[in-house]
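Let me begin by presenting the structure, written as C-alpha cells, before commenting on it.
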Amino acid sequence: MNEEVMASEHATGGKTDVSVAIIAGGLSERFGRPKARARLRGRELIDWALELARQLSSRPFIVHTEVDDFSDKPVHRVADVVPRCGPIGGVYTALVHSERDWVALVPCDVPLLPVSVYHCLLEQCPGDRPTVAQSHKGLEPLVSVWPVTLREALKTWIDQGRYSLWRFLQQVDAVSVAVPEVFDNYNPYWFWNINFPEELRELETYLTQIMH
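Note that this note's numbering numbers the sequence shown so that position 118 is 929, with each residue one more than the last.
Right, dumping it as C-alpha cells:
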C-alpha cells in the first residue's frame, strides 16, 4: 500500500449507505470442519458475524460455498459465483450481488471485531478504491470496504488465474487504515482469526477470563 490513513475516530463525511456481505468461508481444511458452524460461547461463528453485519445494514447477505448454504439462517444468501479460488471469489461475489455502490466485507472467523472498525473504514473511503483495515499483524483484506466499480477489474484478475487478494489490493492502490493507531482502546483480540481448533479454544478461554 502506498497510502496509509491515520484516521480519526471522529472523522465525518464517510459512506453510510452500503451493502454488507459476510464471507462465510469454504472448505476450512485447516480447521477440520466448516468453521462458520463452530461455536464460541454457545453461538455459531456465523451468528457472531451476523450480529456485526446487522449493525451496518438492515439487509446483510451471506456469501456461501457448496459446503453449506446456511438455509437455516433468516438472512439473504448468495452462492459463490467463482468457487474454489479462495477468498477472492467471495469478494467478487459480494461485488456482483451488492445492492449499493459500496460493500463492506465481514469475515466469519473474526468474531470480536467491533462495528467501530467499520465506521472508521467507511469514513475513510476515497471514492474509487477499497479501504482495508491494518491490524497489529498487518493488512486484513477481508475487513474492508469496496466500491462495486471494481467488479470487472477483479473478475479479469481472477480470469487470469490470479487469486491473491492482497496483490489485487496493491494493484488498485487500496487505502489502509492503521486500526491500532486510531483507537486508544485497541485490543489485539479484535482481529483474532480462527483457523485452527486450538485458536477457538484460546479465544473461549480469553472470553471466560474477562467475563469473571
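Heads up, the beta-carbon is just placed ideally off N, CA and C, and yes, glycines get one too.
Alpha carbon of residue i to alpha carbon of residue j, nearest angstrom
i	j	result
CYS931	VAL956	10 Å
LEU1011	ASP984	33 Å
HIS887	THR1016	32 Å
LEU1049	ILE1005	Residue 1049 lies beyond the residue range present for the chain, which begins at 812 and ends at 1023; the question has no answer from this structure.
ARG852	PHE881	20 Å
TRP1003	HIS947	11 Å
GLY836	ASP995	31 Å
LEU1018	ARG870	29 Å
LEU965	LEU950	19 Å
SER975	GLN982	11 Å
GLY972	TYR903	14 Å
C-beta contact flag for residue i and residue j at 8 Å
i	j	result
TRP977	PRO952	yes
PRO922	ASP879	no
VAL874	ALA905	yes
LEU861	ILE833	yes
PHE872	VAL889	yes
VAL954	VAL831	no
GLN935	VAL990	no
8 Å Cβ cutoff, residue i in contact with chain D
i	result
VAL943	Checking the listed chains, one finds no chain D in this structure; it contains a single protein chain.
Closest residue to residue i among the options (Cα-Cα distance)
i	options	result
TRP859	ARG844, PRO925 and ARG895	PRO925
TYR929	ARG911, GLU963 and VAL988	VAL988
ARG895	ASP920, THR1019, THR876 and ALA944	THR876
PRO937	HIS1023, VAL917 and THR960	THR960
GLU910	TYR1000, ASN1006, ASP828 and LYS948	ASP828
PRO898	GLN935, GLY853 and LEU980	LEU980
ASP939	TYR997, GLN866, ARG870 and VAL986	VAL986
LEU863	VAL943, LEU1014 and SER927	SER927
ARG841	HIS1023, GLU1009 and VAL907	GLU1009
Residue i classed as buried or exposed, judged by whether at least 16 other C-beta atoms fall within 10 angstroms
i	result
ILE1021	exposed
THR967	exposed
GLU963	exposed
ASP970	exposed
GLU820	Summary for GLU820: the model assigns pLDDT 32, below 50, so the residue's position carries little reliability; its value from the coordinates is reported in the next sentence. With fewer than 16 other Cβ atoms within 10 Å, it is exposed.
PRO941	buried
ASP883	exposed
PRO885	exposed
PRO958	buried
Runs of beta strand (DSSP E) lying entirely within the region 898-930, each at least 3 residues, in chain order: 913-918
Enumerate, from N- to C-terminal direction, the unbroken alpha helix (DSSP H) stretches of 4 or more residues contained entirely within the region 948-988. 962-970 and 976-982
Scan the region 828-894 and note each continuous beta strand (DSSP E) run of 3 residues or more that stays entirely inside, going in chain order. 830-834, 872-875 and 887-890
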